[in-house]
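Numbering (my numbering), first residue to last: 82 to 375.
In what follows, a single structure is set out as structure tokens and then discussed.
Structure representation (structure tokens):
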């Protein structure tokens, strides 16, 4: 072991001093770079990221309730009036009715668009409903500041009034230093939505209106049969259990089976015998073959 004293330094001690100096220099550079990048610390390889859940295409599982909320007596549920149900009963009524309608392949091609829309629980926009929504938005515009209230939390969310079961919401955070760029998302009935920027919670609340003359604000057309046949449930389940449905492939399996293998009657495209790639769907192969000829 040698001690550094003045200029009296041996070769081994000088090498150690150079390594220590280089290590300190690299550590200083890493700290300096990390100070200019607050979201990523290169020294400890830490990342700070935020996940934006509802700012993309909605997936089916985002609007599904757990099976524990489904009523036990399905016969009584499907024979009841949907207008007199609570949220859970209305959700499962229209979900069972919609899935049973789609699985009934015998009568589905014969139904009209209005009939299918009613069986699937889709709300048909009418002039009275548009007028009600316009009055609601006019009231918010006259207030000049919609959704006035405290910061939305899970226990006390920001209430979004709506006539229908879905409405587009734009969150700006707040006023002053709490304001951020507006983030738009669709708020649906029965689900809480979190703003990806300020973590504010929103919840849609349906506003029920009644017309002065006592008419239904959401009437059903005269040519639409609003009576659900409960036998459609057993018919669809029987076909499913017997394997009578044609399970169409999706995604890459569709491209492979339809266009490459010709399993569904499609002609198989021309294929290069020297290469497994397809000339019809690979334009670069033509350029490659021309270069080989020259």
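Note that the Cβ used here is the ideal one computed from N, Cα and C, for glycine as well.
Return the Cβ separation of residue i and residue j in integer angstroms, given the expectation that the two are a contact with Cβ distance under 8 Å.
i, j, result
"residue 179", "residue 200", "6 Å"
"residue 170", "residue 152", "6 Å"
"residue 192", "residue 304", "Rounded, the Cβ-Cβ distance is 11 Å, inconsistent with contact."
Let me know the secondary structure DSSP gives residue i once reduced to three states.
i, result
"residue 274", "strand"
"residue 247", "strand"
"residue 127", "Note that residue 127 scores 45 on pLDDT, short of 50, meaning its location in the model is unreliable; the coordinates nonetheless yield the value given after this. Of the three classes helix, strand and coil, the one that applies to residue 127 here is strand, per DSSP."
"residue 166", "coil"
"residue 190", "helix"
"residue 203", "coil"
"residue 209", "helix"
"residue 311", "coil"
"residue 283", "strand"
Tell me whether residue i is buried or exposed, calling it buried when 16 or more other Cβ atoms sit within 10 Å of its Cβ.
i, result
"residue 313", "buried"
"residue 266", "buried"
"residue 319", "exposed"
"residue 158", "buried"
"residue 177", "buried"
Pick out whichever of the options has its Cα sitting closest to the Cα of residue i.
i, options, result
"residue 334", "325, 306 and 344", "344"
"residue 145", "166, 196, 159 and 175", "175"
"residue 213", "160, 302 and 245", "245"
"residue 295", "248, 235, 209 and 247", "209"
"residue 220", "177, 255 and 242", "242"
"residue 269", "303, 291 and 240", "240"
"residue 218", "256, 309 and 249", "249"
"residue 299", "203, 158, 173 and 150", "203"
"residue 256", "307, 231, 206 and 162", "231"
"residue 271", "172, 160, 165 and 297", "172"
Do the region 188-195 and the region 270-287 touch if we need at least three Cβ pairs shorter than 8 Å?
Contact fails: fewer than three Cβ-Cβ distances are below 8 Å.
Would you be able to state if there are at least three C-beta pairs under 8 Å between the region 272-282 and the region 250-261?
Contact holds: three or more Cβ-Cβ distances are below 8 Å.
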